Amino acid sequence: MSRPEGKPSTSYTRPMNPKSLDAIVLRYVGFGILFIGLAVMLFLVRGVLPVFVVGGIIAYAFEPLLQRLEKRGRSRPKAVAFVFGLYILLLLLLFSLLASAVQQGQSLIQPESAAQQFERVTKLVQTNQEKLQKLPLLPAVRDAINNAINNSTQTLTEYVPVWARDTSIKLVTGTGVFLISVFLVTLISFGLMLEAQRIKGRCLMLIPPQYRRDITQLSTSINELLGRYVRGQLIVCGTFGALCTVTFEVLSRTYGMQYPLVLGALAACIYILPYIGMAAVTISAGLTAYLTANPNQNMQCAAIAVGCCIGFNLLVDYGVAPRVLGRGVGLHPLMVIFALLCGFELGGPLGTVVAVPIFASLRVIFIYLFPQLAAPLPDESPEATITDKMHGETSEMGERVANAEASAAEGVLIARTEKT
Numbered sequence: 348m349s350r351p352e353g354k355p356s357t358s359y360t361r362p363m364n365p366k367s368l369d370a371i372v373l374r375y376v377g378f379g380i381l382f383i384g385l386a387v388m389l390f391l392v393r394g395v396l397p398v399f400v401v402g403g404i405i406a407y408a409f410e411p412l413l414q415r416l417e418k419r420g421r422s423r424p425k426a427v428a429f430v431f432g433l434y435i436l437l438l439l440l441l442f443s444l445l446a447s448a449v450q451q452g453q454s455l456i457q458p459e460s461a462a463q464q465f466e467r468v469t470k471l472v473q474t475n476q477e478k479l480q481k482l483p484l485l486p487a488v489r490d491a492i493n494n495a496i497n498n499s500t501q502t503l504t505e506y507v508p509v510w511a512r513d514t515s516i517k518l519v520t521g522t523g524v525f526l527i528s529v530f531l532v533t534l535i536s537f538g539l540m541l542e543a544q545r546i547k548g549r550c551l552m553l554i555p556p557q558y559r560r561d562i563t564q565l566s567t568s569i570n571e572l573l574g575r576y577v578r579g580q581l582i583v584c585g586t587f588g589a590l591c592t593v594t595f596e597v598l599s600r601t602y603g604m605q606y607p608l609v610l611g612a613l614a615a616c617i618y619i620l621p622y623i624g625m626a627a628v629t630i631s632a633g634l635t636a637y638l639t640a641n642p643n644q645n646m647q648c649a650a651i652a653v654g655c656c657i658g659f660n661l662l663v664d665y666g667v668a669p670r671v672l673g674r675g676v677g678l679h680p681l682m683v684i685f686a687l688l689c690g691f692e693l694g695g696p697l698g699t700v701v702a703v704p705i706f707a708s709l710r711v712i713f714i715y716l717f718p719q720l721a722a723p724l725p726d727e728s729p730e731a732t733i734t735d736k737m738h739g740e741t742s743e744m745g746e747r748v749a750n751a752e753a754s755a756a757e758g759v760l761i762a763r764t765e766k767t
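Using our numbering, read the sequence shown as starting at 348 and increasing by one per residue.
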């Protein structure tokens, strides 16, 4: 039976079940409470998080090698055993190098050594004061500079012995804590290597099925980026530290510069800090060379040390890093500066280390959500505009010709049909 004309059609709308709405609200409220509780718990136990973070970074750095061994037919436990043995060998090699560096560091903070270095600094200050008296300065300016130098010398006289004693005590107590931390990091990294696939699978089970494919693609892209960044930074920092260590050792044998291994280890550890690490290494090397080298050659040794640090920085940044990091993290230089400033504001020097990979991960997510952000920009130059216009006219003319040919063919077909 047809519907009478003039009456609008009515459709039945099923009312929403208030119980289902309450369940959804309760679910999201529960998730929010769980997230807040987890954040509070992590804040309370933040002192133990660095050990797990370092262990995770080590396991993350070795994950591509584990996957490559699995593709060649080895089981996960055998691949982990091989990689973990390689890690232990690298750790022993690092300990053998650090042992000499620690020995040099202990000699640096001994009261006798501190007194010798302070005596050198005092002689240097006195020499500069004599040169200062010969400069054509106003008496008030000269007196202000002399008073500042004398006050600094007096402060150092009182501070250096106390600093040497306190640092010696901290070094002795810190050695045990360091060894325990290394053992825990090794144990955690081994466990993460062995259970990486299970952890990944369990995390995917928490995601709704309709989103798992997207999350998997995103995580794969971010993993490739972060893995390249972590491995690249380890290679870059190790290369810079090795070059500095060899150079400082040569300067030690040639000019008598002291503490080459300490400076080399410092260079490898803090070079990852953008700009700050390079500046700290260069200043430390220059001052150490000037204060500890032979008296008649200290200026030359300091100049060589500073010049080598700058040269190695340029070599690593423009020679090694592009080959190791590939195309990098894909951020614009201005975005990198913004990321570093944000990281320093939120987390200090350590915040600058994680700022760039975090911003790069956010870039991957935004490009996945908005693909037009990665699309090439249109060329709006006059030449390109003229070319596009010519192409448009050509395509329009071709379209007209094609339409005319189609009309003629259709007319011929109709004429043949009528004749038939």
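Here a beta-carbon is modelled for each residue, glycine too, at the ideal position from N, C-alpha and C. Note that the structure is a prediction, hence the values are computed from the model and not measured.
Grab the span of the alpha helix (DSSP H) containing residue i for me, first residue to last.
{"i": "Gly-690", "result": "680-716"}
{"i": "Ile-582", "result": "556-602"}
{"i": "Leu-396", "result": "396-418"}
{"i": "Gln-647", "result": "645-662"}
{"i": "Ala-626", "result": "623-639"}
{"i": "Leu-610", "result": "607-617"}
Counting only beta-carbon separations shorter than 8 Å, does residue i have a partner in chain C?
{"i": "Pro-642", "result": "No chain C is part of this structure, which consists of one protein chain only."}
So, are the CB atoms of residue i and residue j less than 8 Å apart?
{"i": "Leu-531", "j": "Val-427", "result": "no"}
{"i": "Gly-611", "j": "Cys-584", "result": "no"}
{"i": "Val-609", "j": "Ile-617", "result": "no"}
{"i": "Gly-574", "j": "Glu-410", "result": "yes"}
{"i": "Tyr-606", "j": "Thr-635", "result": "yes"}
{"i": "Ala-406", "j": "Ala-543", "result": "yes"}
{"i": "Ile-630", "j": "Val-700", "result": "no"}
{"i": "Ala-702", "j": "Leu-687", "result": "yes"}
{"i": "Asn-660", "j": "Gly-603", "result": "no"}
{"i": "Tyr-637", "j": "Asn-645", "result": "yes"}
{"i": "Leu-396", "j": "Leu-385", "result": "no"}
{"i": "Val-671", "j": "Ile-582", "result": "yes"}
Got a sec? Which residues, its chain only, sit under 6 Å from residue i by beta carbon, not counting five neighbours each side?
{"i": "Ala-321", "result": "The structure shown does not extend to residue 321, since the chain is modelled only from 348 to 767, so the question has no answer here."}
{"i": "Phe-431", "result": "Phe-537"}
{"i": "Thr-639", "result": "Met-604, Gln-605"}
{"i": "Leu-697", "result": "none"}
{"i": "Gly-377", "result": "none"}
{"i": "Leu-436", "result": "none"}
{"i": "Leu-693", "result": "none"}
Which same chain residues end up closer than 7 Å to residue i when comparing Cβ atoms and leaving out the 5 residues on each side of it in sequence?
{"i": "Ser-528", "result": "Val-398"}
{"i": "Ile-712", "result": "Leu-565"}
{"i": "Leu-440", "result": "none"}
{"i": "Arg-559", "result": "Leu-551"}
{"i": "Val-577", "result": "Ile-404, Tyr-407, Ala-408"}
{"i": "Gln-580", "result": "Ile-619"}
{"i": "Ala-614", "result": "Phe-587, Gly-588, Cys-591, Val-628"}
{"i": "Ala-722", "result": "none"}
Give every residue of the same chain whose Cβ lies closer than 8 Å to the Cβ of residue i, excluding the five residues on either side of it in the sequence, and list them in chain order.
{"i": "Thr-586", "result": "Val-663, Val-667"}
{"i": "Ser-349", "result": "Note that Ser-349 has pLDDT 47, beneath the 50 cutoff, so the model's placement of it is unreliable and no number is given."}
{"i": "Tyr-359", "result": "Per-residue confidence for Tyr-359 stands at a pLDDT of 47, beneath the threshold of 50, marking its modelled position as unreliable; the derived number appears in the next sentence. For Tyr-359, where only same-chain residues beyond five positions count, there are no Cβ hits under 8 Å."}
{"i": "Leu-438", "result": "Val-529, Thr-533"}
{"i": "Arg-423", "result": "Leu-413, Glu-417, Leu-541, Gln-544"}
{"i": "Leu-720", "result": "Phe-713, Ile-714"}
Under 7 Å from any heavy atom of the ligand SAH, does the C-beta of residue i make it?
{"i": "Leu-534", "result": "For the ligand SAH, the structure offers nothing, since it holds no ligand at all."}
Contact the region 544-558 vs the region 614-626: 3+ CB pairs below 8 Å: no
Cβ pair count under 8 Å reaching 3, the region 390-407 against the region 533-540: yes
Meets three-Cβ-pair contact criterion under 8 Å: the region 640-656 and the region 665-672: no
At least 3 beta-carbon pairs within less than 8 Å: the region 700-709 vs the region 681-690: Taking a cut-off of 8 Å for Cβ pairs, the region 700-709 and the region 681-690 touch, as three or more such pairs fall below it.
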